[in-house]
Each structure stands twice: as C-alpha cells, then as structure tokens.
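If you use this note's numbering, the sequence shown corresponds to residues 11 to 429, in order. We put the CB at the ideal spot given by N, CA and C, even for glycine.
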Amino acid sequence: MRKGNFITTYTGIDFYIIDPHIDDINATDIAHALSLTCRANGHYKHFYSIAQHSINCFKEAKARGYSKKVKLACLLHDGSEAYISDITRPAKQYFPRYLEIEENIQNKVYEKFGISDLTIQELKQISDIDDTVLWYEFEALHNVPMLSDKPDKYANFDFDFKDTKEIESEFLRVLNRLSNNDKLYTAVGIDSCKYGWVVVSINSLGDYNLELIKNIDQILNVKADIYLIDMPIGLLENGTDERLCDKLIRRMLQPNRGSSVFPVPARKAIYTNSYEEAVRMNKELTGKGLSKQSYAITPKIKEVDEFLLDHKYATNCLHESHPEVCFAEIIGSPCKYNKKSADGEFERINALRQYFNINKMLSEIKFPKKDVARDDIIDASVLAVIGLLGLENGFKTIPENPPEDNHGLKMSITVMKRD
C-alpha cells in the first residue's frame, strides 16, 4: 500500500509524492514539466523555464570539463521540481517538510539515472554551477544584481525566449546522450535543387548536417540508416493510368496541396533528348502529353532511375517520399499555404522545429541562392524528420502493398507509422 496521495503525470503515471518509487520517474515527464515551469516564480522579463536553466547548467559543466556524471547531474538537479514544483530560496527555510520531500524525490531522480553516488566534491561542483547560472540569469532577465561577486563562467548561456517544445526536445536529447538510453541513428532527406541535390542529415540526438551534392551517386558517401528522396522511384512503361501512389497522395493532399503531385512520365519518355521528343513519346505510350513542369524534372528522374538500376542494393534504404505528404503526417492535415510564400515557410518551419533546430540550420546557410532555395532545404528537412520518426516507430508505404515496375522497383510513397 503506497503512502499519501498522488499526482498524475504527463505520461499518465500515478506519482506518490511522499512515497516515490524509482520506476515512477520518467524522463519525458521531467522534460515536459520542467519546460513548462518558469524560473523565479515568473518574476523574469519573459518566460524562462527550469528546463532551459538546467540545459545552461549542463553547458557550463561541459565547458568546465567536468565528468559525465556531473554533467548529467547538472541537467537533472531540479528534477524533483517536475513533481512538486519549486519554492523560492528565501521561503524554503520555512517549509522543512517540503525540503525533506524534495530531497527524497531528487535522490530518486538521481538513482533512476545511475548517479546516486555523487561525492561531496561533485555536489559542490553542481551547486557552484547552479549559483553561477542563477547570477547571470538575474543579470539578463531581472535587472537585479546579485549580492555576491560576479562569478567566472565558461559557457555561452542562452537566456532568450524559447518555444517550450524546442526546450523539451533539447532537454531529452541531452538526457538521452548522457544517460546512454538512446540508440544513435541517422536519417537523410534528399531534394532536387539547382546545384544538383540538397541533402539534410539528422540523427537521433538532433544533430544535423546540410550539404549539396552534384550527382545522386555521391549519396553513397553520406552514412545513414534511411534515405528519403523527393523523386519518383519506379516508372510505368505504358498505359493510360498513372502510378497508384500518385493518385492516392494527390487525393490525400486535396484541396490545397494536391497540385504538388506532378504526373510522372513513362520510363522511355525520360530517356529522350528534348521536350518535343518526350511529349511525343509519352503521348504514344500513355495517351497523355507532358507539361514543361513535369519535363523539367525528367533529368533527375532519369538520374535516380539509372542509379537504382546500377545499385539494386540501394533500394533497401533509399525510398521515395513526398514533402507535402510528410508535412501532412506531422501536422495532422495538409499545409494551408504555398511553400514559397512567407506564410507557407513559417507554417512548415513551425512544424519542424520541435524535432531539430531548423531555424539555426537555416541561419547558417552559406550556399548561394542560385544553387539552392530555402524551400528545397525545408523539403529535404521534413524528409529527414519523417525518416527519424520512421526509424523510431516503423514505416508504412502508400499504397500498403505497392506494385513493382518492370525492373522490380516498388512504386510507393514512404512515411512513418502513426502511434
């Protein structure tokens, strides 16, 4: 029989305040609750969460070269506040029972993550860092000088107003990395651009890489567990009907984004040498012409087709997807605005930022605009994000049982499974 009353946490755990069990401590609960709880009882210039404070403490421990155990403890030193909130320092002395409960829960948090054996020296390192970050918080967010002397700091603290989802995700990424609970995997999203191909890699820690490659076979040099590409894989030879996957996703994206699914030419049409010849060939094989918009991507379709026919093993990890379908999956409905509009860019970035620091990546772009457009990078990013989610939760294809073309290439759109 558990003692006392309980709270129900974000993940649905009944957490008994005066009788906590180690199995009740949950990383997601801690990250979520601390990211939504403001420091200093809200008496700062803007919302600044306990989770953001904890991340700054971790950064300082890392900059000082402290042990992995101390870095983890700095991240988790306010973990008890996810369950019982906080009382300001001047008031705590008047609530001895609260201090007992706080210490007991905090010890359970440390035990959960394997750091219950902190030494006196390590506890002092953690306390000193907590005080250091607090001093600079007051300077940046309160305009009230601390009574103590200005301490030395070694990290660059981030006191900016942050989206709570971004902080929650960052907290979990750091926690997983430090506690070795994560399996490191990498997903790559590939989109066509004027230079050739834009490649975005994201791993399960939220680390990212952005690069341009000239030819698709260079993707063999980019190591990952899954590659999703916005380019048709698997082509029809003839017939009046189009690929089933294209029909299905066009229907999914109606009414606003259905036009983003272009008709895919017959295979022989993409191997022609001119627009006029491609139109004639496609008309002959399918009874349909070919728009200039569809023809414009035929060199890229041909490049991918040749690559996969020459490297059949690559079909195990390189799969076709579609950015608008991917956004619809993570948002829950198709995007409202065109991707090239300001509203469309904001809508898509807002959907991505909970998964990795898309704004930082976009701010670091060094490539000329003539080589790659921002929307190409955003499209490649959502493909990578869907790849990560699929590696975690599994993948599905549209259609569920995809047909193969005459060369054995499956004609489908790959996305992640929903929970």
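When C-alpha distances from L188 are compared across V209, L215, F171 and F167, the shortest belongs to L215. W145 is bridged by DSSP to nothing; it lacks a bridge partner. In this structure, G397 lies near A197, with their beta-carbon atoms less than 7 Å apart. Taking 4 residues as the shortest admissible run, the region 302 to 385 contains the following complete alpha helix (DSSP H) segments, listed from N- to C-terminal end: 302 to 306, 308 to 320, 333 to 341, 352 to 362 and 368 to 373. Cβ neighbours of M371 within its own chain (closer than 7 Å, five residues either side excluded): Y218 and L220.
In the structure shown, the three-state DSSP call for N15 is coil.
Y26 has F16 as its beta-bridge partners, per DSSP.
The beta carbons of V382 and C203 sit closer together than 7 Å.
E330 counts as buried, since no fewer than 16 other beta carbons sit within 10 angstroms of its beta carbon.
In this structure Q364 touches E176 by the C-beta definition: roughly 7 Å separates them, less than 8 Å. One thing to note: S391 has its Cβ no nearer than 7 Å to the Cβ of I375. Taken in chain order, the whole alpha helix (DSSP H) runs of length 4 or more contained in the region 114 to 162 are 130 to 151. For L300, the closest alpha carbon among the candidates R277, D386, I60 and H321 is that of R277.
Residue nearest to T21 within the set S422, I27 and N36 is N36 (criterion: CA-CA distance).
DSSP places N213 inside the beta strand (DSSP E), whose first and last residues are W207 to N213. Annotation for D173: R363 place their beta carbon closer than 7 Å to its own, counting only its chain and skipping 5 residues before and after. The alpha-carbon of D227 is positioned some 17 Å away from that of L419.
M421 counts as buried, since no fewer than 16 other beta carbons sit within 10 angstroms of its beta carbon. Unbroken alpha helix (DSSP H) runs of no fewer than 4 residues, entirely contained in the region 260 to 293, are found at 277 to 280, following chain order. Taking each of S351, C255 and A279 in turn and checking the Cα distance to E410, the smallest one comes out for C255. The region 334 to 347 and the region 144 to 153 do not touch, with fewer than three beta-carbon pairs separated by less than 8 Å. Within the same chain, and ignoring the five residues on either side of V232 in sequence, the residues whose Cβ sits closer than 7 Å to its Cβ are V198, V209 and S211. A Cβ-Cβ contact shorter than 7 Å links A92 with I40.
If one requires a minimum length of 4 residues, the alpha helix (DSSP H) runs lying completely within the region 45 to 80 are 60 to 73, in chain order. Beta-bridge analysis with DSSP links T296 to no other residue. At least 7 Å separates the beta-carbon of L295 from that of N225. DSSP, read as helix, strand or coil, puts V184 in helix. Between L399 and L238, the gap from beta carbon to beta carbon reaches 7 Å or more. Residue burial is scored here from C-beta neighbours: P242 has at least 16 other C-beta atoms within 10 angstroms and is therefore classed as buried.
Annotation: C345 to G52 spans about 35 Å, alpha carbon to alpha carbon.
In the pairwise beta carbon analysis, the region 127 to 143 is classified as touching the region 64 to 81: at least three pairs are separated by under 8 Å. For I200, the secondary structure class from DSSP, reduced to helix, strand or coil, is strand. Here V143 has H63, N66, C67, E70 and F167 as same chain residues with Cβ atoms under 7 Å from its own Cβ, once five neighbours each way along the sequence are excluded.
Y195 carries a coil assignment under DSSP once its states are collapsed to helix, strand and coil. Ranking Y26, N416 and F377 by CA distance to the CA of G206 puts F377 first. Taking C-beta atoms as the reference points, A306 and M291 fail to come closer than 7 Å.
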